[in-house]
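Just below is one structure, and these are the notes that go with it.
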């Protein structure tokens, strides 16, 4: 089945936190600020004196590792609880727990199941299992079977199935959880144990894993010390977890990020599982207009900086993120967060978008095209500055700095590799924060900056795919264009443009994509033509120039209407040819890329009567487009 998602990884971390230090877990849960846990303690009238007495009998246990097979059986049972709207260990026509787990191929020596169908969050669900509240006189189930399952050292693996259910007409929900604890025959007979852990960035500064903090694709290299011939490397999974089976012995474990070894530990493997995490300190800084500068971060943690915005009602669609570049270091990723809990800061579980970056420039701004992303109410634009191999990096200075400049935005510059807080260069954006901006298709937030002159605007796809498209996905706002049209043909043809969803030419109509070859494609293209750049036509041998505009953030494809009007084309009275052969009635290539932003058109079916000429000349109409931001 699947690797753990972020909720399941968080639950696994909570289980192992309790197993390795149960006494500390009591204080965390009983003193929790989670309102649902406090409500349950009050509702069930949990006797905290009795709970404390029971808890003091708990002994630490080895951490449990993840099992995909146990996850399969767990998530299947969770789905059945949703289907039957019932919390039960045995649902109608469901096999026994033993058979359910054996059916996944998992061979076990011992097994246990915890279920909870009325959770409000992962933490509250964990509290329900651990405290084991119930309707007994002391408010605690007797015996506390859920807690006993969590703490049993007989179990070395677990599968957790967590599903959401928000149907207000049902009894169960909003979060349903099944936990299957077990010990496999493989572990009992092969004399191996799990090395497991997580790699995460502690953005909320609580020294513990939270949803959304896990880092994927971090290399964990394990080499034998007692057995020097042993070496293996694994990658962290999507939610940040990793694990591998090892024979008894001593090992060196290296955590590698961006080809740099940033943490090295020694571990000894014997008869029990071992947990080794790498927590990266996460510092969070909020920016605002003016009154901020930059400095080196000499600490060991990553830094996330962010700007807060309020979306226009009812929502905005963000298309671009713009980042100020610096010779002191550039961000390795940018983010979008939504402030779902209204606490005025980005939380790890509120991240809705992450884009990796690879900037090599050291000045100016970079504009990053992102998938159109809907945001509501308060949202945050963030950037990650990685700590790497004990090298300091560049982050904004805190509010209480005595070096805060005023009146303009600033970028710090270096002096022989060292930061000089007296040496600043002003940015071009007065009264604006220099580091982070977002651009919205609904409301422009950042002033566009013209890209380098060495790559003509709109030619990215022309150069990479040799295709007749105008690619403005890296542009922001309204782009002016001048089009020169020449004609060498008897037919009085017309050229127009329409927006395509991607390089494959699909046209998005509401939530549907109409692709080249679909019988509705011609009508969809014509009905969605761009009107800000007029239909282009000219007399034979007499060039004409047209001015118009196109919106940044989109891809535009041309079409040619052969010897007729636009209404003729709409009414299927004349031929219309496209840059996609599959959309053409003769399946012929009628549009050819002749140079940067220069397109040639052939107006005759199948290229006309070419005689011995291998290809048409594509000069019936030629357009050359020039753009300015």
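In the numbering used here, the protein residues as written are 962 to 1590.
Ideal placement from N, C-alpha and C gives every residue a C-beta, glycine not left out.
Keep in mind that this is a model prediction, so the values were computed, not measured.
Rounded distance between the beta-carbons of residue 1443 and residue 1582, thought under 8 Å: Incorrect: roughly 16 Å between the Cβ atoms, too far for contact.
For residue 1451 and residue 1318, the rounded distance between their alpha carbons: Cα-Cα distance, rounded: 51 Å.
Spatially closest choice to residue 1267 from 1299, 1273, 1240, by CA coordinates: Ranking the options by Cα distance to residue 1267, first place goes to 1299.
Residues near residue 1414 by beta carbon distance below 8 Å, same chain, minus five either side: Interpretation of residue 1414 is limited by its pLDDT of 42, a score under 50 that renders its predicted location unreliable; the figure taken from the coordinates is listed afterwards. Shown here for residue 1414: not one same chain residue has a beta carbon closer than 8 Å to its own, the five before and five after excluded.
Other residues of its chain near residue 1422: CB distance less than 8 Å, five sequence neighbours each side excluded: Once the five neighbours on either side are set aside, the close Cβ partners of residue 1422 are 1428, 1430, 1432, 1464, 1516.
Opening and closing residue of the beta strand (DSSP E) in which residue 1297 lies: Taken as a continuous stretch (DSSP letters only), the beta strand (DSSP E) holding residue 1297 covers 1294-1299.
Cβ pair residue 1314, residue 1296 closer than 8 Å: Cβ atoms of residue 1314 and residue 1296: closer than 8 Å.
For residue 1569 and residue 1550, the rounded distance between their alpha carbons: Approximately 12 Å between the Cα atoms of the pair.
Buried versus exposed, by CB contacts within 10 Å (16 or more), residue 1026: When all chains shown are included, residue 1026 counts as buried.
Cβ distance (whole Å) where residue 969 is taken to contact residue 1123 below 8 Å: The Cβ separation is near 5 Å, so the contact holds.
Assigned exposure category for residue 1052 - 16 Cβ within 10 Å defines buried: Burial is judged here by how many other beta carbons sit within 10 angstroms of a residue's own beta carbon; residue 1052 has fewer than 16 and is exposed.
Integer Cβ distance of residue 1158 from residue 1203, believed to fall under 8 Å: Beta-carbon to beta-carbon, residue 1158 and residue 1203 are separated by about 6 Å, close enough to satisfy the 8 Å threshold.
Opening and closing residue of the alpha helix (DSSP H) in which residue 996 lies: The continuous alpha helix (DSSP H) containing residue 996 extends over residues 996-1004.
Start-to-end residues for the beta strand (DSSP E) that takes in residue 1518: Looking at the DSSP string, the run of the beta strand (DSSP E) that includes residue 1518 is 1516-1522.
Touch test, the region 1031-1038 against the region 1136-1155, Cβ-Cβ under 8 Å, three pairs minimum: Output reads yes: the region 1136-1155 touches the region 1031-1038.
8 Å contact criterion, which residue 1538 and residue 1523 should meet: CB distance rounded: Contact between residue 1538 and residue 1523 holds, with the beta-carbon distance rounding to 7 Å and staying under 8 Å.
Bridge partners - residue 980, DSSP secondary structure assignment: Looking at the DSSP assignment, residue 980 forms no beta bridge with any residue, so it has no partner.
Under the three-state DSSP convention, the category residue 1062 falls into: Residue state, collapsed to three classes: helix.
Ranges of the beta strand (DSSP E) found wholly within the region 1143-1220, counting only runs of at least 3: Within the region 1143-1220, complete beta strand (DSSP E) segments of at least 3 residues are found at 1154-1163, 1180-1185, 1192-1196, 1202-1207, 1210-1218, given in chain order.
CA-to-CA distance, residue 1133 to residue 1005, given in whole angstroms: Our two residues, residue 1005 and residue 1133, have alpha carbons roughly 19 Å apart in a direct line.
Exposed unless 16 or more other CB atoms sit within 10 angstroms - verdict on residue 1085: Buried, because 16 or more other Cβ atoms sit within 10 Å of the Cβ of residue 1085.
C-alpha gap between residue 1056 and residue 1073, whole angstroms: Distance between the alpha carbons of residue 1056 and residue 1073: 15 Å.
Burial state of residue 980, where buried means 16 or more other Cβ atoms lie within 10 Å: By the 10 Å Cβ count, residue 980 comes out buried.
Cutoff 8 Å: residue 1203 Cβ touching any chain D Cβ: The structure shown has no chain D; it contains just one protein chain.
Per DSSP, cross-strand counterpart(s) of residue 1589: Residue pairing of residue 1589 in beta bridges, as defined by DSSP: 1441.
Per-residue DSSP class, three states only, for residue 1330: Strand at residue 1330.
For residue 1019, the three-state DSSP class (helix, strand or coil): The answer is coil: DSSP assigns residue 1019 none of H, G, I, E or B.
DSSP beta-bridge partners of residue 1269: Answer is 1341, bridged to residue 1269.
Residue environment, residue 1292, which counts as buried when at least 16 other CB atoms sit within 10 Å: Under a 10 Å Cβ-count criterion, residue 1292 is classified as buried, with 16 or more other Cβ atoms of the shown protein chains found around its own Cβ.
Reduced DSSP secondary structure (H/G/I, E/B, other) of residue 929: Examination of residue 929 is not possible in this model, given that the chain is present from 962 through 1590 alone.
Pairwise C-alpha distance: residue 1474 and residue 1462: Each residue's alpha carbon lies about 8 Å from the other.
Buried/exposed call for residue 1436, threshold 16 Cβ in 10 Å: So residue 1436 counts as buried.
Closest Cα partner of residue 1234 within the set 1439, 1209, 1460: Of the listed residues, the one whose Cα sits closest to residue 1234 is 1209.
Selected residue, minimal CA-CA separation from residue 1510, among 1519, 1503, 1521, 1495: Restricting attention to 1519, 1503, 1521, 1495, the CA atom closest to the CA of residue 1510 is found in 1495.
Residue of 1342, 1236, 1231 minimising C-alpha distance to residue 1283: Closest option to residue 1283, Cα to Cα, is 1342.
Under the three-state DSSP convention, the category residue 1458 falls into: Three-state result, residue 1458: strand.
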